[in-house]
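Per numbering that gives the first Met the number 0, the very first residue in the sequence shown carries number 0; after that it's consecutive. For reference, the structure discussed in these notes is given below.
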Amino acid sequence: MATHAAAPRQRWRRYGTSYLMLLPFLGLFAGFLVWPLANSLYLSFTKFDGVNAPEFEGLENFRRLLFDDDRFRHALGNTFLYVVASVGIGTLLSLGLALAFSGSSWPHRIMRTIFFLPSVTSSIALMLLWKWIFNPGDFGLANTVMTWFGGRAVEWLATPGLTIPILVLMSVWGGMGYGMVLYVAGLNTIPQEYYEAARIDGATSWQQFRRVTLPLLRPVTTYVVVTGLIGAFQVFEAVYIVFRGTNNIGGVLDSGLMIVPYLYDQGFTHFKLGYASAIAWVLFLIIFALSMVNLRIGRALKEL
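Here is the structure:
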C-alpha cells in the first residue's frame with residue numbers, strides 16, 4: 000500500500016516541472032478550442048439568435064437540416080462536386096509537376112518556386128485577382144483575351160454552368176504547388192537502387208513509375224488527398240469574394256453555394272446561430288468520415 004501511495008508523489012517529483020510548464024498551453028487549448036467546440040455542440044441543439052437566451056430544441060436543427068432544407072442539400076451537392084474535381088485534378092497535377100521538376104538544377108528550383116508561390120500568397124489577394132480576371136466588363140482579363148481572338152465577352156460570374164469549373168480552376172491553380180512540394184520530398188526519399196534493379200530486370204519507364212514510384216508515394220498521396228479534402232470542404236473565400244451577390248451569397252441561382260458559405264449565411268446574415276452550429280457539426284462528421292475512409296484505403300493498399 001505504501002508503495003502505491005508513494006508512486007504519485009514520485010511521479011510528481013519527476014515530472015512536476017514539465018506539468019507546470021504545460022499549464023499555459025493547456026489553458027489556451029481549453030479556452031480557445033475545447034470550450035468553443037463544446038459550446039458549438041450545445042448550440043447545435045438549440046434555437047439561438049445571438050441576442051436572446053438559447054432555447055433547447057433537441058435534434059430539431061439536424062432533422063430540419065437533413066430532411067427539410069433544400070438549399071442545404073443543394074450546397075452539399077455543389078460541395079461534393081467541387082471537392083471531387085478540385086482534389087482529383089489537383090492531386091494529379093501536383094504529381095505531374097513533381098515528376099517534371101524534381102531535379103536539383105536551378106531551372107527546376109525556379110519552376111518549383113513559381114508554382115509554389117500561390118500557396119503562400121494571401122488568399123484574399125488571390126481571390127480579388129481572380130475576380131478581376133473574370134470581370135464581365137471590358138477590363139476583365141478573360142474577356143480581353145477573348146476579344147483579341149475575335150470572341151465575344153462572356154458573363155463569367157453570372158453563368159451558372161461556369162461557376163463550379165471556375166472555382167475548381169482557382170483551387171487547383173492555388174494549391175497544386177503545395178502538393179508538388181510534398182511529392183518532390185517523397186520522390187527524393189525513394190532509393191535509386193530500386194530503379195536500378197527495375198532497369199536491370201528490363202522494366203520500362205512506365206513500369207518503374209507504376210511498380211516503384213506510385214507504391215512508395217502512397218503515404219504522400221494519402222496526406223495530399225486528406226488535407227485536400229479538408230481544405231476543399233471548407234472553401235469560403237472564393238465563393239464569398241468572387242461570386243457573392245447583393246442578396247445571395249451563393250451567386251446566380253446558388254450555383255456557387257457551398258456548405259461553409261451557407262453556414263455563414265445562416266449564422267451571420269439570418270442570425271440562426273443554433274442552426275449554423277448544426278451545419279458545422281454535420282460538416283465535421285462528413286470530413287471525419289471521409290478522412291477515415293481515405294486513411295483506411297491507404298492502409299489497405301499498403302498491406303497489398
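For every residue, glycine included, the Cβ atom is placed at its ideal position computed from N, Cα and C.
Residue environment, residue i, which counts as buried when at least 16 other CB atoms sit within 10 Å
i           : result
residue 90  : buried
residue 224 : buried
residue 100 : buried
residue 114 : buried
residue 305 : The first residue shown for the chain is 0 and the last is 303, placing residue 305 beyond what the model contains.
residue 33  : exposed
residue 232 : buried
residue 69  : exposed
residue 272 : buried
residue 126 : buried
residue 0   : Caution applies to residue 0, whose pLDDT of 49 falls short of 50 and renders its modelled position unreliable; the value that the coordinates give is listed next. Per the 10 Å Cβ criterion, exposed.
residue 121 : exposed
residue 64  : buried
residue 248 : buried
residue 390 : The shown model of the chain, from 0 to 303, leaves out residue 390, and the question about it has no answer.
residue 264 : buried
residue 35  : exposed
residue 267 : exposed
residue 155 : buried
residue 14  : exposed
residue 185 : buried
residue 129 : buried
residue 28  : exposed
residue 75  : buried
residue 71  : buried
Residue i in three-state terms, based on DSSP
i           : result
residue 203 : coil
residue 91  : helix
residue 154 : coil
residue 188 : coil
residue 271 : coil
residue 12  : helix
residue 54  : strand
residue 120 : coil
residue 292 : helix
C-beta atoms of residue i and residue j nearer than 7 Å
i           : j           : result
residue 167 : residue 85  : yes
residue 197 : residue 211 : yes
residue 252 : residue 279 : no
residue 229 : residue 286 : yes
residue 43  : residue 277 : yes
residue 256 : residue 77  : yes
residue 31  : residue 45  : no
residue 112 : residue 250 : no
residue 171 : residue 88  : yes
residue 274 : residue 60  : yes
residue 117 : residue 173 : yes
residue 221 : residue 297 : yes
N-terminal and C-terminal residue of the alpha helix (DSSP H) that residue i is part of
i           : result
residue 106 : 105-115
residue 260 : 258-263
residue 42  : 34-42
residue 63  : 59-66
residue 219 : 217-232
residue 29  : Unbroken run through residue 29: none, as it is neither H nor E.
residue 144 : 140-147
Proximity test, residue i beta-carbon vs the ligand ADP heavy atom, cut-off 6 Å
i           : result
residue 193 : Among the components of this structure there are no ligands whatsoever, and the ligand ADP is therefore not found.
Any chain D beta carbon closer than 7 Å to residue i
i           : result
residue 113 : The structure shown contains no chain D, having only a single protein chain.
Count Cβ pairs between the region 96-106 and the region 172-183 that sit closer than 8 Å; are there 3 or more? The region 96-106, when compared against the region 172-183, does touch it at the 8 Å Cβ threshold.
Counting pairs of beta carbons, one from the region 186-202 and one from the region 37-54, are three or more of them closer than 8 Å? Result no; under three Cβ-Cβ pairs closer than 8 Å.
Quick one: any contact between the region 159-166 and the region 234-248, if contact means 3 or more CB pairs under 8 Å? Enough Cβ pairs lie closer than 8 Å, so yes.
May I ask you to verify whether the region 200-217 touches the region 134-142, counting CB pairs closer than 8 Å and requiring at least 3? No: fewer than three Cβ pairs fall under 8 Å.
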